[in-house]
Amino acid sequence: KNDTRIAFLMYSNGSTPEVIMDIFEPVKKKFEVQISYDGQPIHDMNRPDLTGAPTGAGAREAIKKLKAAGFTTLVKSTLRTADMIHMPEVWDDIKAFGEEIGEIVSYAPTIEHKKNFDPQDMVNFELALKKLVLKEVEFYKENERFLLSWVDGNKSQP
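Okay, so the sequence shown: first residue is 2 according to the working numbering, each after it adds one.
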């Protein structure tokens, strides 16, 4: 608990934030929780619960609860190649979620690797990135940082 060399990171789908809070309360200052939230519309398309119901709202609520309880909480997004076309919509959703909780939430998607993918996915990706560039430039002008971590990782400027 008091050793500054030790820190913890946990990944969760956010379905049981109360359990996380109960177990890790004593070490929460040394503990980061990454909640899987892909942004809408992707999250609910790809991450239904066992009954097929959407889970996006629950993941967002988990993030809010953990943050309110003093946990360092990060958003972890996964992006399938087939979903790249939705990146501008997801960017808008992540930005709106940050505004809802009163802080900037970085959009940091990990691309799910696949050996065989539809070449149209790369065309869609290029189209999505062109739209994102315009959003990122405006966001930077207002916030002096980028929302998409792919751009902000090296503290680039437009």
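We put the beta carbon where it would ideally sit given N, CA and C, even for glycine.
In whole angstroms, what is the alpha-carbon distance linking residue i and residue j?
i: Ser16; j: Glu127; result: 34 Å
i: Ser150; j: Asn144; result: 14 Å
i: Gly57; j: Ile105; result: 18 Å
i: Pro18; j: Thr5; result: 25 Å
i: Ile43; j: Met85; result: 9 Å
i: Ala1; j: Glu113; result: Since the first residue of the chain shown is 2 and the last is 159, residue 1 is not available in this structure.
i: Glu100; j: Arg48; result: 24 Å
i: Tyr12; j: Lys115; result: 22 Å
i: Val91; j: Glu26; result: 31 Å
i: Ile21; j: Ala69; result: 13 Å
Please classify residue i as buried or exposed, where buried requires at least 16 neighbouring CB atoms within 10 angstroms.
i: Gln41; result: buried
i: Asp23; result: exposed
i: Leu67; result: buried
i: Ala129; result: buried
i: Val124; result: exposed
i: Val76; result: buried
Am I right that residue i and residue j are in contact with their C-beta atoms under 8 Å? What's the rounded C-beta distance?
i: Asp122; j: Thr82; result: 4 Å
i: Ile7; j: Lys30; result: The pair is not a contact, with the Cβ atoms about 11 Å apart (cut-off 8 Å).
i: Leu133; j: Pro89; result: 6 Å
i: Ser78; j: Tyr38; result: 7 Å
Going by the beta-carbon positions, is the gap between residue i and residue j smaller than 7 Å?
i: Glu33; j: Leu10; result: yes
i: Val152; j: Glu139; result: no
i: Ile64; j: Ile36; result: yes
i: Leu80; j: Pro110; result: yes
Between residue i and the ligand ZN, is there a pair consisting of the residue's CB and a ligand heavy atom that are separated by less than 6 Å?
i: Ala69; result: No copy of the ligand ZN appears in this structure; indeed no ligand is present at all.
Item to check | Residue ranges of each beta strand (DSSP E) within the segment 116-146, 3 or longer | outcome: The segment 116-146 contains no complete beta strand (DSSP E) run of 3 or more residues.
Checklist entry - What are the uninterrupted segments assigned as beta strand (DSSP E) that are 3 or more residues long and contained completely in the segment 24-79, given in chain order? => result Entirely contained in the segment 24-79, the beta strand (DSSP E) runs reaching 3 residues are, in chain order, 32-37.
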